[in-house]
Amino acid sequence: MLRHHTRGTQGHNTIISFFSNCLKLFSDGCKLSGISVGKWIIEDISAYKLGVDYFETLKRLFTKFSNKDKTDLIILIDDLANNSHGMLKNTTFSDLSHFIFYFSFNGASHKEAFVGDFHYQYPKKEQVESDILKRRMKWMIEQFVAYRIKYPLTILIIRDGVSEGQYQMILNEELNAMRTACQEVANQQNLKNWPPKFAVVIATKRNSARFFNRLDSNISNVKPLTVIDRDITRVNINEAYIVSANAFQGTAQAVCYQLLRNEIGFKDMDEVEALLLALSSHHQICKIPISLPEPVYQADKWSKRGNEMWKEYGRIRDIPKTKNQTCADFELMTENLAYWHSPTGPSRI
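Each residue of the sequence shown is one higher than the one before, counting from 155 in my numbering.
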């Protein structure tokens, strides 16, 4: 069953002239994209997209459009990118054969702003090394506490780029590594009644599901902000397909989301869907919802940047190797190129 998370557009005549211009620009953009939105959505999204009290209106958007207050820290862990394609003049294949663990989280100075980083690791099956994951989890908590002056009580993990055969690995190994990191922080800081509760959502961008509207003999894409969570979804798992953006060319591709662990207390998938749709409207440089939640989209960019920086480093100098000279020194390359120990670490750049 298709459900559209919007209402009919309503006009209003009581807004100051500047805001009216912002409203018109955003409304026109929605019409061009085929989006029908409600009055409060236009008021909130147009304001924060076009510069009127950005953070406060975004806070209102999240409060109305999702039960975001249940989640303190949102972390996107994307799939491991392999950059072993191609050869550089002064490198061997082993120099280039690496995986990148890349992620995004809301750990900047404002709680709605997402930042991220990447970490190189030895090539293996699509699994983040536990030691790297624990260190990065501690760093994310450190960044979060530095700006919030509190420890997160609830953490939402959005994991991308894994197959169904790896779900148990996510829950048994990666989630446990993050729990261990939180417990170690609690022990070091003498925190009682901590660590936090977790929820885990799997996002699958590459799937074969396609949805469309049929009217007589005409077939068209479903409208943006469409959610499919009944009839064709599986009954043995909390699953939903979301088409958040307007497809300007070709068939709109839905992203499949599955809720694997729910310690936070989402009442149903409706709350998860609303949160993911709100995050899809969080891309500041775009007036309309994008096809992915902002942390997912941003993490993909971190992967691209990590790969490009690795290749450029290898173009101008030798890739450092481990003492036994068998492979690249991934930790040294991470220290040289990643952002976590730099002044720009907590910034979105």
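Think of the CB as a built atom: it goes at the ideal place given N, C-alpha and C, for glycine as much as any other residue.
Candidates the options, of which the one nearest residue i by Cα
i           : options            : result
residue 359 : 321, 313, 471, 344 : 313
residue 424 : 456, 379, 401      : 379
residue 484 : 473, 433, 316      : 473
residue 267 : 437, 466, 488, 498 : 437
residue 464 : 452, 441, 491, 480 : 491
residue 403 : 394, 303, 420, 375 : 375
residue 534 : 300, 363, 352      : Limits of the chain in this structure are 155 at one end and 503 at the other, which puts residue 534 out of reach.
residue 337 : 451, 288, 372      : 288
residue 254 : 480, 481, 501, 460 : 460
residue 434 : 442, 447, 349      : 447
residue 135 : 422, 420, 441, 445 : Past the edges of the chain, shown from 155 to 503, lies residue 135, and the structure says nothing about it.
residue 486 : 264, 256, 265, 276 : 276
residue 422 : 441, 401, 391      : 391
residue 498 : 324, 263, 311      : 263
residue 311 : 385, 416, 470, 301 : 416
residue 333 : 468, 295, 315, 301 : 295
residue 494 : 348, 256, 386      : 256
residue 252 : 290, 471, 481, 500 : 481
residue 324 : 284, 290, 384      : 284
residue 350 : 476, 225, 501      : 225
Within 7 Å, strictly: CB atoms of residue i and residue j
i           : j           : result
residue 328 : residue 397 : no
residue 292 : residue 335 : yes
residue 504 : residue 439 : No answer is possible for residue 504: it lies beyond the span of the chain, which begins at 155 and ends at 503.
residue 453 : residue 232 : yes
residue 355 : residue 305 : no
residue 258 : residue 230 : yes
residue 363 : residue 321 : no
residue 399 : residue 443 : yes
residue 297 : residue 319 : no
residue 427 : residue 381 : yes
residue 409 : residue 331 : no
Range of the contiguous beta strand (DSSP E) that encloses residue i
i           : result
residue 397 : 392 to 397
residue 434 : It is not in any beta strand (DSSP E) - residue 434 instead sits in the alpha helix (DSSP H) that spans 423 to 434.
residue 412 : 409 to 416
residue 274 : 269 to 275
residue 444 : Segment: none, residue 444 is in no beta strand (DSSP E) and carries neither H nor E.
residue 231 : 227 to 231
residue 368 : 366 to 369
residue 375 : 372 to 375
residue 282 : No beta strand (DSSP E) contains residue 282, which DSSP labels as neither H nor E.
residue 381 : 380 to 382
residue 353 : 351 to 358
residue 254 : 253 to 259
Range of the contiguous alpha helix (DSSP H) that encloses residue i
i           : result
residue 457 : 448 to 470
residue 488 : 484 to 491
C-beta neighbour in chain C for residue i, strict 7 Å
i           : result
residue 299 : Considering every chain present, this structure includes no chain C. It has just one protein chain.
Restricting to runs no shorter than 3 residues, where is the beta strand (DSSP E) found entirely within the segment 288 to 333? Here the runs fully enclosed are 308 to 314.
Flag this pair as touching only if the segment 367 to 377 and the segment 333 to 344 have three or more C-beta atom pairs under 8 Å; answer yes or no. Cβ pair count under 8 Å is below three, so no.
Below 8 Å, how does it come out for the segment 442 to 457 and the segment 253 to 273: are there three or more Cβ pairs, yes or no? The segment 442 to 457, when compared against the segment 253 to 273, does touch it at the 8 Å Cβ threshold.
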